[in-house]
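Enquirer: Quick one: the structure is below, and I'll ask about it shortly.
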């Protein structure tokens, strides 16, 4: 580790990027606990100052994947990988009702994340209030995807080492490269990934790293608060990966025939009022709410359907998403997701 540290921590003019094999070695030393806590902290900080290369990010991710088996899913199920790691401060989790609507319309979505820092409300807290299981192990996630078309996987249960390195953000005061690695981890090895980012340096690098990792299809989004969400109140930058080709584009609500909403219609709730967000989602799924909140959910459901290979454009899936909501299918999907949530078996890490 000393050799690798010396290479990346020499300073802005003399630091060098690690090769593919060196980056893999560094990740192995950290995950296996061979590197000391001081070395890990120094390495993460040095990498942040140097800025990770595409090769380093791809190698870190490829190595992290080798320490855990993929989530067992049936071949041909068509799972879309949806990492949700950012947490919310200002807006509600539109990705949750959007995933329910998209699943009701035929998409299969695996959400994965962590509880997140104390100052940000994670997706799991909202899912719990909706009665959706958040403690499923990898072996139980597969059947849940078959049953309902959408499931949540807690990274702390699936890949404890990566989860612990994410927690170092609280100690170091800044994020580290494990944040994009967790987003690219792709537990089910899905052929399609939807990744939201807010940190500009990782935008292009992430999609290039996905291409290096042979991801067949991906949408990388400058999402709302870093989540994989298109904004209903602003334009959104996207990078689309199909095969080997990367295409940048900008999406506006009007592109789908929707009116630009105000921030107020995207606003979330304080941490002590999480029940209000869960109630909002229930009312949205019951088609009891009109306006910007509903449009925001439908827009992102259409985006998820597009990522699942439905239709030829995001805008082209809006009618499908709207039908799933207005027909009552989304409400029924939420009910199905909640069935048995309180009695779902809790299996330890040894069961994976």
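Numbering (the UniProt record's numbering), first residue to last: 1 to 352.
By construction, the Cβ of each residue, glycine as well, lies at the ideal position given by its N, Cα and C atoms.
(1) In its own chain, which residues sit with a C-beta less than 6 Å from the C-beta of residue 39, not counting the 5 before and 5 after it?
(2) So the candidates are 151, 62 and 206; which of them puts its Cα closest to the Cα of residue 51?
(3) By DSSP, does residue 50 sit in helix, in strand, or in coil?
(4) Pick out whichever of 6, 129 and 45 has its Cα sitting closest to the Cα of residue 273.
(5) Work out the CA separation of residue 245 and residue 150 for me, nearest whole Å.
(6) Using only the alpha-carbon positions, how far apart do residue 18 and residue 176 sit?
(7) How big is the Cα-Cα spacing for residue 331 and residue 143?
(8) Could you tell me which residues DSSP puts in a beta bridge with residue 293?
(9) What is the DSSP secondary structure of residue 113, reduced to helix, strand or coil?
(10) Name, in chain order, the residues that DSSP records as bridge partners for residue 192.
(11) Report the rounded CA-to-CA distance for residue 392 versus residue 324, giving the unit in angstroms.
(12) From residue 53 to residue 162, what does the alpha carbon distance come to, in whole angstroms?
(13) Helix, strand or coil for residue 187? Go by DSSP, reduced to three states.
(14) Once the 5 residues before and after residue 363 are set aside, which same chain residues still bring their CB inside 6 Å of it?
(15) Which residue spans inside the segment 240-282 form an unbroken alpha helix (DSSP H) run of at least 4?
Expert: The structure says:
(1) 1
(2) 206
(3) helix
(4) 129
(5) 28 Å
(6) 16 Å
(7) 21 Å
(8) Answer is none; residue 293 lacks a bridge partner.
(9) strand
(10) 80 and 217
(11) Because the chain here runs from 1 to 352, residue 392 falls outside it and cannot be looked at.
(12) 19 Å
(13) coil
(14) With the chain covering only 1 through 352, there is no way to say anything about residue 363.
(15) 263-266
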